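Take a look at the structure below.
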Amino acid sequence: MSDDDGIAARRTGGRGEGVADTAEETTARRPSWAKEAGPADEEQQPEPADQPEPAALPEPTDPRNPGGTGALDAPGGPDRPDDPGAFDAPGDPEVPDEPDGPDAPGTAPDRSARRRRRTRRVLYAALALLCAGVLLVVGGGYLAFEHYTGRVSRIPNAFPTNVPAAAQPAPSKGGSENFLLVGVDARSDLPTTGKDAKAPEWKPGAQRSDTMMLLHIPADHKQAYVVSLPRDSWVNVPGHGKAKLNAAFSWGGPPLLIDTVQRLTKVKIDHLAVIDWSGFKKLTDAVGGVDITVDKTVSRRNGPGGVWTAGTHHMDGDDALDYVRERYGLPNGDLDRTHRQQNFLRAVLSKMLSGGTLANPLKLKHTLDQFTDVVSVDDKLSNGDLRDLVWNMRGVRSSDMVFMNAPVAGFDTIQKQSVVLLDDNGSSALWEALRNDTMKHYIATNTVDKLGKNVS
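Numbering (my numbering), first residue to last: 19 to 474.
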C-alpha cells in the first residue's frame, strides 16, 4: 500500500475501500447542532505523519450500524445483551461519528449518551419514589380522617318528625349549610356529650341550652357566619306556647329545639352539634387555655368571685367557664353574655388554627382527640360529610368568621321572667340572607350587632 493509500485508509477509519463517506453523505449524517468546518478549520488541521498501516477491521454485521463504529461497538453496547439500558431510547439524538481518526470505546459522545440514559433512569426512579410518597401521605391523611371522624359521638333521632308541611323550611340554597350549635347546661358533673358521656344528651327537665348559635357556611366555603340566639328570647315553642327559647331543649331535647328554631327563622337546620360544660372545660384545657381581653373591669360572680379587671387574661377551662356563664352585672345582660361566648369561640378557633398547633403534630393530635371526645353531632352527619366539611373549610381562619347577635327589640318581664324580645322586622332580613346564602351582602347593607375587639 502506498503512502497516499495509507493516509486515505486512516481517514476512513480503516474501513477499506468503498466505505469512505462522500461529502454529501457526511453532511446528511451530521446533526443539526454540529459546526460545519470551514476553510479556516481545514488550515488548522496539520497533515498527519505517516504511520504504520492499521490492521483491517472485520466487516460490520449489525444492521443498525453498517459502519461498525461508534456507541454500538463500545463496551456495554448492544453486543452485550445483559445491558438493555445501553440501547438508545426512542427520540434520543443520534451520536455523531468522529470525522477523523479511528473510533474508540469511551469517546465523548458515547459517554454523553450513556450519562443521559443513566440520568433518565435516576429520574424515573425518583418519580416512582415521589408517587409512592404521595400515596402514603394521602393514605395516611385518609386514615387520620377516618380515625378522628369515627371518634365523634352521634346523637340519634335529633331531627323533628311529624312536622306539618307548612312548617317545614325550604332546603338550604346552592350548597350552603346551616348548623345549630348548642351549649348545654346539664346541671350535672357527668359529661352528657362526646365519647365519655356518662349521662344522656337530653333528659326531660335536666338540661337547658344556655348557648344557641346558627352557623352559616356559604357555598364557596370562604367565610363563616355565626348568629347567636339569646337563650331568653321569648318565642313560640311548638306544643307549649310562648316561652324562653332555652326551654325548648329542656322540654323536648334536640328535636323540639330544632323545630322551634326552624319555625322562628324559616331557616333549614342541616346539622346539629352539641357540647356540655364538662366538654367545654376539656376543650379549653386541650388548647392550653385561651387569652381573653376584658374591655373594662366588671364583677365576677361565678367561681371565686371578685372582679374581672380590664385587660388580657389567660384562662384555663374553669376560668373560661366562669367567664362565658356570667349573666349578671353586665351592661347589656344576655346580649353581652352572647358576645362573651362568641369571644371565647373566636379565641379557641384562633388557637386551634394557629401555626403553633397545626405545625406541632403532638399538640394537634391532642387537640383533635379532645375536640372529637367532647362534641356530639346528629347521626345524619356522616364521616364523609365531616371530611368534606374539614377539607372545604381548610382555608378559613377566625379572621374570616363574622360573629353577631340576632336583632333585638328590647327586654321585658313576662310571667315573672326576664325575657329578650327579638326584632321581628329587623330579623326578617337576616333570616332571608341565611336562607338565600347572601350573608355577605346583608352584613354590608345592615346595622349589625357584631362582635368587636372590645368585649365586657
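No residue lacks a Cβ here, since even glycine has one placed at the ideal position from N, Cα and C. Please read all numbers here as calculations on a predicted model, not as lab measurements.
Coarse secondary structure for residue i, derived from DSSP in three states
| i | result |
| --- | --- |
| residue 419 | strand |
| residue 172 | strand |
| residue 366 | helix |
| residue 448 | helix |
| residue 463 | helix |
| residue 296 | helix |
| residue 262 | strand |
| residue 456 | coil |
| residue 268 | helix |
| residue 239 | coil |
| residue 400 | coil |
| residue 193 | coil |
| residue 188 | coil |
| residue 130 | helix |
| residue 389 | helix |
| residue 255 | strand |
| residue 414 | coil |
| residue 280 | helix |
| residue 433 | coil |
| residue 351 | coil |
| residue 315 | coil |
| residue 290 | strand |
| residue 424 | coil |
| residue 247 | coil |
| residue 232 | strand |
| residue 335 | helix |
| residue 274 | helix |
Rounded separation between residue i and residue j - CA only
| i | j | result |
| --- | --- | --- |
| residue 465 | residue 379 | 42 Å |
| residue 467 | residue 473 | 12 Å |
| residue 232 | residue 456 | 15 Å |
| residue 235 | residue 133 | 56 Å |
| residue 353 | residue 277 | 23 Å |
| residue 326 | residue 315 | 5 Å |
| residue 432 | residue 254 | 14 Å |
| residue 247 | residue 438 | 10 Å |
| residue 402 | residue 230 | 25 Å |
| residue 195 | residue 174 | 20 Å |
| residue 389 | residue 295 | 13 Å |
| residue 413 | residue 299 | 27 Å |
| residue 168 | residue 405 | 11 Å |
| residue 264 | residue 242 | 24 Å |
| residue 350 | residue 458 | 26 Å |
| residue 332 | residue 367 | 15 Å |
| residue 251 | residue 268 | 15 Å |
| residue 193 | residue 286 | 12 Å |
Residue i burial status per 10 Å Cβ neighbour count (16 or more: buried)
| i | result |
| --- | --- |
| residue 297 | buried |
| residue 176 | buried |
| residue 385 | buried |
| residue 409 | exposed |
| residue 51 | In this prediction, residue 51 scores a pLDDT of 39, lower than 50, which makes its location untrustworthy; the coordinate-derived value is nonetheless stated afterwards. Its Cβ having fewer than 16 others within 10 Å, residue 51 is exposed. |
| residue 443 | exposed |
| residue 369 | buried |
| residue 423 | buried |
| residue 272 | buried |
Distance CB(residue i)-CB(residue j) smaller than 8 Å
| i | j | result |
| --- | --- | --- |
| residue 291 | residue 199 | yes |
| residue 187 | residue 284 | yes |
| residue 342 | residue 319 | no |
| residue 170 | residue 393 | yes |
| residue 240 | residue 249 | no |
| residue 289 | residue 426 | no |
| residue 340 | residue 324 | no |
| residue 348 | residue 415 | no |
| residue 238 | residue 203 | no |
| residue 281 | residue 183 | no |
Worksheet item: Three or more beta-carbon pairs under 8 Å between the stretch 328-338 and the stretch 297-310, yes or no?
Response: yes
Item to complete: Check whether the stretch 254-270 touches the stretch 445-455, counting contact only when three or more Cβ pairs, one atom from each stretch, lie closer than 8 Å.
Response: no
Worksheet item: For the stretch 352-372 against the stretch 402-419, are there 3 or more C-beta pairs whose distance is under 8 Å?
Response: yes
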